[in-house]
Amino acid sequence: MIIDTLKNADKYSGLHPLFAKAFDYINQKDLVNLEEGKFEIAEGLKLIVSNGNGKTKETSLEKFECHDANIDIQICVNGLETIAWKPREKCVIPNGEYNPEKDVRFFKDEPDMSFQLTNNQFAIFYPEDVHAPMIGNGEIKKLIFKVKI
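Okay, so the sequence shown: first residue is 1 according to the UniProt record's numbering, each after it adds one.
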């Protein structure tokens with residue numbers, strides 16, 4: 001997992017060929033005014049723009065998730081978002097089967113830690129990062145890039 005601000009995003013462009021495309025897209029857009037929805041940015045790179053109310057920790061942990069075929073770049077555009085996290089190697093209580101169509105696997109384990117993102121901060125979640133986002137009060141606008149591995 002990586003946590004940083006968009007000001008430093010260029011440091012991570014070399015980690016995956018599609019990271020540079022995602023960060024270039026961000027630099028060309030007014031993030032606050034992006035419309036909600038799902039968009040294909042390039043082959044292997046999708047964007048979800050979400051604007052919703054934060055959830056309780058308990059509600060978010062019902063979908064304590066990780067992905068096998070994608071890396072998530074989650075950017076908090078506006079608001080204060082708490083995200084729970086635990087390394088996948090320590091998760092031992094599955095919550096259902098892997099869904100290959102949605103590329104999601106859930107766990108019932110308790111997180112090891114939580115951290116907060118606010119305006120123009122981001123986290124990159126690799127397949128080994130189990131995470132529960134959108135914990136918080138009030139409105140949270142965020143971008144989620146799905147980067148195909």
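In this text, a Cβ means the ideal position worked out from N, Cα and C, and glycines have one as well.
Predicted, not measured: the structure shown is a model, and the values here were computed from it.
Next on the checklist: Applying the 10 Å Cβ sphere with the 16-neighbour rule, what's the burial state of Phe115?
Outcome noted: exposed
Item to check | Run of the alpha helix (DSSP H) containing Ala42, from where it starts to where it stops | outcome: Run containing Ala42: none in the alpha helix (DSSP H); it sits in the beta strand (DSSP E), Gly37 to Ala42.
Item to check | Best match in Asn8, Val49, Lys38 and Arg88 for proximity to Leu31 [C-alpha to C-alpha] | outcome: If we check each option's Cα against that of Leu31, Val49 comes out closest.
Checklist entry - How many whole angstroms separate the CB atoms of Leu117 and Ile83, which I take to be in contact at a CB cut-off of 8 Å? => result Indeed they touch by this definition, with Cβ atoms about 7 Å apart.
Item to check | Bridge partners - residue 193, DSSP secondary structure assignment | outcome: The structure shown does not extend to residue 193, since the chain is modelled only from 1 through 149, so no value can be given for it.
Checklist entry - Short check: CB of Gly96 to CB of Phe107, under 7 Å? => result no
Checklist entry - Residues in its own chain within less than 6 Å of Ile124 by CB, not counting five upstream and five downstream? => result Ile2 and Ile73
Checklist entry - Who are the Cβ neighbours of Glu81 in its own chain at under 8 Å, not counting the five residues just before and after it? => result Gly54, Gln116, Leu117, Thr118, Pro133, Met134, Ile135, Gly136, Ile140 and Lys142
Checklist entry - Among Phe122, Cys66 and Thr5, which one has its Cα closest to the Cα of Asp129? => result Cys66
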